[in-house]
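Peer 1: Sending over a structure as structure tokens; questions will come in a sec.
There are 2 protein chains.
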Amino acid sequence: MVEAAMASGTASRRSIFELFPRRLPSGRRYGVVAGVGRAMQLLRDFRFGDEELAFLRDHQVVSPAVLDWLADYRFSGDIWGYPEGEIYFPGSPLMIVEGSFAEACILETAMLSVYNYDAAVASAASRMTLMAGDRPCIEMGARRANEEAAVAAARAAYIAGFVSTSNLEAGRRFGIPTAGTAAHSFTLLHDSEREAFEAQLTVQGKGTILLVDTYSIEEAVRTAVDLAGPELGAVRIDSGDLAITARDVRDQLDALGATRTRIIVTSDLDEWQIGALSAAPVDGYGVGTNLVIGSGHPTCGFVYKLVARAASSDPDAELVPVAKLSANKATVGGRKYAMRRYDNDGIAEAEVIGVGVQPQGDQNDRPLLHRLVAEGEIVWQDDLAAARERHRAGLAELPRAARKMSQGDPVIPTLYESDYA
Amino acid sequence: MVEAAMASGTASRRSIFELFPRRLPSGRRYGVVAGVGRAMQLLRDFRFGDEELAFLRDHQVVSPAVLDWLADYRFSGDIWGYPEGEIYFPGSPLMIVEGSFAEACILETAMLSVYNYDAAVASAASRMTLMAGDRPCIEMGARRANEEAAVAAARAAYIAGFVSTSNLEAGRRFGIPTAGTAAHSFTLLHDSEREAFEAQLTVQGKGTILLVDTYSIEEAVRTAVDLAGPELGAVRIDSGDLAITARDVRDQLDALGATRTRIIVTSDLDEWQIGALSAAPVDGYGVGTNLVIGSGHPTCGFVYKLVARAASSDPDAELVPVAKLSANKATVGGRKYAMRRYDNDGIAEAEVIGVGVQPQGDQNDRPLLHRLVAEGEIVWQDDLAAARERHRAGLAELPRAARKMSQGDPVIPTLYESDYA
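Chains A and B supply the protein sequences, listed in that same order.
The first sequence begins at 1 in our numbering and counts up one residue at a time.
The second sequence begins at 422 in our numbering and counts up one residue at a time.
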């Protein structure tokens with residue numbers, strides 16, 4: 001595309017691309033933005049090195065002129081976007097990229113890959129932490145996702161309220177708190193469960209989490225309290241009917257005097273399972289598979305579309321809104337602006353998108369787009385703590401129907417205001 | 422776990438871990454192994470560098486003794502496995518890792534991450550290429566998966582019969598043939614569709630694929646043939662009812678004399694859509710989202726379990742089979758061996774797994790486990806061409822019911838033979 005656009009003299013036309021969801025996954029009431037920080041890191045490192053250029057040259061993918069252009073590639077345009085942790089709805093213009101057609105179009109795959117996966121995990125994680133209430137959720141899904149995706153998933157989950165991850169690389173790379181428990185193999189390695197527990201308690205102290213379902217849960221709990229006393233930190237249950245088992249284990253722990261020993265449950269948990277356990281005596285959830293696969297929706301289906309471009313290569317040429325008409329996939333042309341509209345009680349009531357113009361808001365409207373990149377420089381400063389707080393605050397502003405786990409529509413409508421008419 | 426096992430003197434016990442699926446995803450008749458080559462690469466690079474060690478030290482994740490052990494870590498054991506492209510069934514022992522407990526247990530996450538995702542994509546891809554028959558499938562899902570997962574997905578799809586990928590990095594890294602088409606943005610960039618097509622034809626030649634559904638498909642096809650003549654390589658349709666539209670476009674192309682111009686379709690294709698298009702005049706499928714998310718099953722749910730370990734730290738100590746009893750998650754202890762059993766017509770009739778002993782096969786049985794690593798050295802030599810052929814041959818040997826897209830059981834049963842009793 002870059003090569004052909006160079007041939008037709010259109011490659012340098014000033015262009016606006018928009019990254020947005022056409023819709024939410026079926027049944028979801030809202031989505032959660034994640035990946036912004038990773039996308040900015042990727043943009044900073046978006047270079048074509050010797051190996052990449054050699055491949056493109058040797059396989060005649062592009063001409064020498066395009067090779068030269070790629071070798072010098074630095075994004076020099078502007079980007080606005082929803083910040084990380086923000087809530088989004090169908091049509092929310094999550095990222096707006098302005099630059100020459102060539103420099104903006106080649107970012108498509110990198111930006112979509114990051115946003116599509118990270119936001120899918122954050123959106124699922126948000127529903128899980130919502131259902132968990134005050135009980136902590138621990139991310140434990142690394143084994144069930146691609147090895148690099150897993151690190152991104154831990155980060156996205158943390159943004160959406162998870163308290164820690166078992167992924168040490170995510171701890172190292174992003175400063176996310178880490179936590180973990182022993183596997184069944186550790187118990188099986190030893191000649192008896194008692195010896196395994198003794199070894200773990202010796203090294204980790206009495207505050208550790210002992211896994212109690214390798215053989216008989218009742219025996220394991222008795223052994224655990226026998227060895228650690230009432231200071232035992234927690235036990236983990238990873239199988240069976242968790243609600244019933246947690247009740248039995250709680251009763252047993254209490255009878256043994258271990259009234260403060262917590263119960264952590266794991267085993268294919270998702271937001272519905274977590275909700276179903278809300279009345280059970282459970283103190284924390286370890287969530288793996290269903291988190292890293294977005295609880296049934298492992299990609300957000302975000303797209304990256306050209307919505308406006310200059311009428312000519314003249315830097316001052318007027319921007320023309322453009323849109324495809326493809327059946328079922330038509331796009332809304334024109335640069336977008338976005339505000340969240342609130343009622344007088346501070347509850348969100350609409351996602352208002354201005355097409356070609358800033359929406360005429362009232363004083364309660366909150367602008368959603370922030371400048372991320374200015375003339376090629378990344379200007380957005382953010383950290384995971386701010387993103388976590390943004391997610392918490394954004395969720396708190398939504399109507400209570402956002403908490404519904406049943407099938408239904410987005411919790412607020414998306415309204416368009418246009419000056420192109 | 423390593424630290425506590427060191428404390429109890431069990432870390433050096435010879436151990437056997439097994440990577441296997443408890444079951445196939447609901448409705449699937451078979452699975453396809455992928456990720457072996459990537460896992461071997463990861464194993465070769467499995468080192469703890471200064472940054473990793475500093476993180477573990479600074480956060481007191483492990484003791485100085487374990488840090489020293491990690492700094493010197495090299496896997497020194499043995500690994501056997503199903504080769505890439507092989508078919509698998511519930512319980513198939515896809516990878517068997519033998520080494521000390523410590524050195525084998527810390528590979529769990531890396532091995533599972535690779536196998537769980539790559540095999541999920543290959544298993545979905547196999548159903549798609551099966552439904553596509555002689556028509557080529559092109560991998561186009563990079564934008565809908567994590568940026569690194571996307572490269573792995575292109576590789577897995579290629580193993581399972583896809584002919585090419587739009588992911589240039591997968592082409593560079595793994596030598597997979599690459600292909601691509603223009604996006605709607607390229608058409609929208611130009612002042613008219615005709616100018617966009619002219620630009621693409623100038624650069625790519627008449628053999629290119631023109632995207633014809635940005636505005637009116639009928640007009641676009643007329644323009645395309647007007648510009649390129651009957652030598653036009655292909656048109657791509659990305660929206661609407663693909664079966665009906667392909668029929669209309671075929672009739673129009675034929676009427677215009679472009680009888681050899683191919684029709685490529687894209688737009689949320691999966692194995693059922695591809696099957697439903699088998700009678701439509703379609704010449705190739707571009708598959709994106711549903712491929713990289715495993716067509717509804719983005720992870721295989723493989724687990725990595727300790728199945729046997731030495732009775733003591735003595736290198737010559739007898740191996741003891743071990744198994745957890747956890748409700749619904751019980752494992753089968755003991756070292757596994759695996760054969761595929763055939764009837765007299767050469768059709769597979771069972772997956773035979775020997776527990777603690779090589780199955781007593783007949784002359785038609787085919788052993789499935791190959792030595793991948795010997796005393797820490799990667800000895801398995803394989804390439805993607807061999808993996809593709811293995812997939813093709815493995816599929817050809819299955820009963821015809823393997824082709825069923827309806828819900829159902831694995832196409833052959835898994836049988837266990839045991840000497841532990």
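Glycine included, every Cβ here is placed at the ideal spot set by N, Cα and C.
1. Hey, quick one: how far does the alpha helix (DSSP H) through A/Pro413 stretch, first residue to last?
2. Here's the rule I'm using: 16 or more other beta-carbon atoms within 10 Å means buried, otherwise exposed. How should A/Arg400 be labelled?
3. Distance check for A/Leu253 and A/Glu219, CA to CA, integer angstroms please.
4. Are any of the Cβ atoms in chain A nearer than 9 Å to that of B/Gln828?
5. Alpha carbon to alpha carbon, what distance is there between B/Pro442 and A/Ala421?
6. Taking 8 Å as the threshold, find out whether the stretch 60 to 77 of chain A comes into contact with the stretch 365 to 372 of chain A through three or more Cβ pairs.
7. Using 9 Å as the threshold, is the C-beta distance between A/Glu169 and B/Val535 below it?
8. Mapping DSSP to helix, strand and coil, what is A/Phe302?
9. Of all Cβ atoms in chain A, is any one closer than 9 Å to the Cβ of B/Lys745?
10. With DSSP collapsed to three states, give me the class of A/Glu18.
11. Run down chain A in chain order and give the residues with a C-beta less than 9 Å from the C-beta of B/Arg657.
12. Say whether the stretch 563 to 580 of chain B touches the stretch 281 to 291 of chain A, bearing in mind that this needs 3 or more beta-carbon pairs closer than 8 Å, one atom from each stretch.
13. Whose CA, out of A/Met339, A/Ala327, A/Glu417, lies closest to the CA of B/Tyr636?
14. Rounded to whole angstroms, what is the Cα-Cα separation between A/Glu86 and A/Tyr30?
15. Note down, in chain order, each residue of its chain lying with its Cβ closer than 6 Å to the Cβ of B/Leu819, except the 5 sequence neighbours on either side.
16. Along the stretch 602 to 625 of chain B, where does the CB come closer than 9 Å to a CB of chain C? Name the residues.
17. On the DSSP bridge assignment, give the partners of B/Pro742 in chain order.
18. Does the CB of B/Phe522 have a neighbour CB from chain A at under 9 Å?
19. When you check each C-beta in the stretch 706 to 721 of chain B against every C-beta of chain A, which residues fall closer than 7 Å?
20. At a CB-CB cut-off below 7 Å, which residues of chain B make contact with A/Met1?
21. Give a yes or no on whether the C-beta atoms belonging to B/Leu515 and B/Leu816 are separated by under 9 Å.
22. From this set, A/Asn116, A/Ser26, A/Ala11, which residue's C-alpha is nearest A/Val33's C-alpha?
23. Leaving out five residues before and five after B/Val614 in sequence, what residues of the same chain have Cβ atoms less than 8 Å from its Cβ?
24. Could you give the DSSP three-state label for A/Ile217: helix, strand or coil?
25. What first and last residue would you give for the alpha helix (DSSP H) that runs through B/Glu772?
26. In or out: B/Ile665 buried (at least 16 other Cβ within 10 Å) or exposed?
27. Compute the distance between the beta-carbons of A/Gln273 and A/Leu319, then report whether it is under 9 Å.
28. Taking only beta-carbon positions, decide if B/Leu488 is within less than 9 Å of chain A.
29. Beta strand (DSSP E) containing A/Met95: first to last residue?
30. Among A/Ala4, A/Asp78, A/Ala54, which residue has its Cα nearest to the Cα of A/Val379?
31. Using a Cβ-Cβ cutoff of 9 Å, what residues of the stretch 527 to 550 of chain B are near chain A? List them in chain order.
32. Starting from A/Ser166, follow its DSSP beta bridges and name the residues at the other end.
33. Strictly by DSSP, which residues pair up with B/Val703?
34. Listed from N- to C-terminal order along the chain, which residues in the stretch 127 to 151 of chain A have their beta-carbon within a distance smaller than 8 Å of any beta-carbon of chain B?
35. What did DSSP end up calling A/Asp383 once you bin it into helix, strand or coil?
36. Pick out whichever of B/Arg668, B/Gly448, B/Phe723, B/Ala679 has its Cα sitting closest to the Cα of B/Ala700.
Peer 2: Inspection of the coordinates gives the following:
1. The count along the first sequence starts at 1 and reaches residue 413 of chain A at position 413. Careful: A/Pro413 lies outside any alpha helix (DSSP H) and carries neither H nor E.
2. Against the first sequence, residue 400 of chain A aligns to sequence position 400. Answer is exposed; the Cβ neighbour count stays below 16.
3. Within the first sequence, numbered from 1, the residue matching residue 219 of chain A stands at position 219. Within the first sequence, numbered from 1, the residue matching residue 253 of chain A stands at position 253. Approximately 12 Å between the Cα atoms of the pair.
4. For the purposes of this step, residue 828 of chain B is taken as the residue at position 407 of the second sequence. The beta carbon of B/Gln828 does not come within 9 Å of any beta carbon belonging to chain A, so the residue lies off that interface.
5. As a first step, residue 421 of chain A is located in the first sequence; it is residue number 421 there, counting from the start. As a first step, residue 442 of chain B is located in the second sequence; it is residue number 21 there, counting from the start. Residue placement at A/Ala421 cannot be trusted, given a pLDDT of 47 that sits under 50; the coordinates are not used to answer.
6. The stretch 60 to 77 of chain A and the stretch 365 to 372 of chain A do not touch, with fewer than 3 CB-CB distances between them shorter than 8 Å.
7. For the purposes of this step, residue 169 of chain A is identified with residue 169 of the first sequence, where counting begins at 1. For the purposes of this step, residue 535 of chain B is identified with residue 114 of the second sequence, where counting begins at 1. Cβ distance not < 9 Å, so A/Glu169 and B/Val535 don't count as in contact.
8. Translated into the one-based positions of the first sequence, residue 302 of chain A becomes position 302. In this structure, A/Phe302 counts as strand in the three-state DSSP scheme.
9. The residue labelled residue 745 of chain B in the question sits at position 324 within the second sequence. With 9 Å as the cut-off, B/Lys745 counts as an interface residue toward chain A.
10. Translated into the one-based positions of the first sequence, residue 18 of chain A becomes position 18. Here A/Glu18 carries a strand assignment [DSSP, helix/strand/coil].
11. Locating residue 657 of chain B in the second sequence gives position 236, counting from the first residue. Correct list: empty, because the minimum Cβ distance to chain A is about 11 Å.
12. no
13. Here residue 636 of chain B is taken as the residue at index 215 of the second sequence, counted from 1. Of the candidates A/Met339, A/Ala327, A/Glu417, the one whose C-alpha sits nearest the C-alpha of B/Tyr636 is A/Ala327.
14. The count along the first sequence starts at 1 and reaches residue 86 of chain A at position 86. The count along the first sequence starts at 1 and reaches residue 30 of chain A at position 30. So the alpha carbons of these two residues sit roughly 10 Å apart.
15. Walking along the second sequence from the start, residue 819 of chain B turns up at place 398. Within the same chain, B/Leu819 has close Cβ partners Ala769, Val832.
16. Considering every chain present, this structure includes no chain C. Its protein chains are A and B.
17. Position 321 of the second sequence, counted from the first residue, corresponds to residue 742 of chain B. Paired residues: B/Ala729.
18. For the purposes of this step, residue 522 of chain B is taken as the residue at position 101 of the second sequence. At a cut-off of 9 Å, the C-beta of B/Phe522 has a neighbouring C-beta in chain A.
19. Within the stretch 706 to 721 of chain B, the qualifying residues are Thr710, Ile714, Pro719, Thr720.
20. Position 1 of the first sequence holds residue 1 of chain A. Ala603, Ala604, Phe607, listed in chain order.
21. Within the second sequence, the letter at position 94 stands for residue 515 of chain B. Within the second sequence, the letter at position 395 stands for residue 816 of chain B. No, the Cβ-Cβ distance between B/Leu515 and B/Leu816 is not below 9 Å.
22. For the purposes of this step, residue 33 of chain A is identified with residue 33 of the first sequence, where counting begins at 1. Comparing Cα positions, the closest option is A/Asn116.
23. If you number the second sequence from 1, residue 614 of chain B lands on position 193. Reading off the sequence shown, one finds Glu at residue 614 of chain B, where the question assumed Val. The beta carbon of B/Glu614 is closer than 8 Å to those of Thr608, Thr635, Tyr636, Glu640, Ala641, Thr644 in its chain, skipping five residues each way along the sequence.
24. Stepping through the first sequence from its first residue, residue 217 of chain A is reached at position 217. Correct three-state label for A/Ile217: helix.
25. Walking along the second sequence from the start, residue 772 of chain B turns up at place 351. Careful: B/Glu772 lies outside any alpha helix (DSSP H), inside the beta strand (DSSP E) at 769 to 776.
26. In the second sequence, counting from the first residue as 1, residue 665 of chain B sits at position 244. Under this definition B/Ile665 is an exposed residue.
27. Numbered from 1 along the first sequence, position 273 holds the residue referred to as residue 273 of chain A. Numbered from 1 along the first sequence, position 319 holds the residue referred to as residue 319 of chain A. No.
28. Residue mapping note: residue 488 of chain B aligns to position 67 of the second sequence, counting from 1. No, because no Cβ of chain A sits closer than 9 Å to the Cβ of B/Leu488.
29. The count along the first sequence starts at 1 and reaches residue 95 of chain A at position 95. That run of the beta strand (DSSP E) goes 95 to 100.
30. The sequence position of residue 379 of chain A within the first sequence is 379, counting from 1. The shortest Cα separation from A/Val379 among A/Ala4, A/Asp78, A/Ala54 belongs to A/Asp78.
31. Glu529, Thr530, Ala531, Met532, Leu533, Ser534, Val535, Asn537, Tyr538, Asp539
32. As a working note, residue 166 of chain A is residue 166 in the first sequence. Beta-bridge pairing links A/Ser166 to no other residue.
33. What you label residue 703 of chain B is simply residue 282 of the second sequence in a count that begins at 1. The partner list for B/Val703 (beta bridge, DSSP) is empty, contrary to what the question assumes.
34. Ala142, Arg143, Arg144, Ala145, Asn146, Glu147, Glu148, Ala149, Ala150
35. Against the first sequence, residue 383 of chain A aligns to sequence position 383. Three-state result, A/Asp383: coil.
36. Taking the first residue of the second sequence as 1, we reach residue 700 of chain B at position 279. Checking every option, the nearest Cα to that of B/Ala700 belongs to B/Arg668.
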